[in-house]
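Read the structure below first, then the notes.
Residue numbers (this note's numbering): 23 to 99.
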């Protein structure tokens, strides 16, 4: 499973402080994942999402990117 997506910022906090004004409101991501479905309905998935752009909205020379690792276990009936 491979995907590209556009994300929109809803909230942004660092150690309980709002930093929404310091990051951009949208981000483009690349997604790569694997899923295994077993015969009994049980399924497992892992997905890695990496931001493709710098989301820093400040004048500092700092690159800020989104990186997410998702693990899931599910059951389909």
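We put the CB at the ideal spot given by N, CA and C, even for glycine.
- request: Give the range of the beta strand (DSSP E) segment to which residue 49 is assigned.
  value: It spans 48-59 - the beta strand (DSSP E) in which residue 49 sits, taken as one unbroken run.
field: Minimum C-alpha distance to residue 68 - residue among 43, 77, 92, 82
entry: Per the Cα distances, 92.
field: From 90, 59, 95, residue whose alpha carbon lies closest to that of residue 51
entry: Out of 90, 59, 95, 90 has the C-alpha closest to the C-alpha of residue 51.
- request: Would you give the residue range spanned by the beta strand (DSSP E) that residue 94 belongs to?
  value: 89-97 is the extent of the beta strand (DSSP E) around residue 94.
- request: For the beta strand (DSSP E) holding residue 72, just list the boundary residues, first then last.
  value: That run of the beta strand (DSSP E) goes 64-73.
query: So which of 71, 29, 64, 85 has the shortest CA-CA distance to residue 54?
result: Taking only the C-alpha atoms, the option nearest residue 54 is 71.
- prompt: Distance, Cα to Cα, residue 87 vs residue 45?
  reply: Approximately 10 Å, taken between the alpha carbons.
Residue 85 in three-state terms, based on DSSP: DSSP places residue 85 in the coil class of the three-state scheme, outside both helix and strand.
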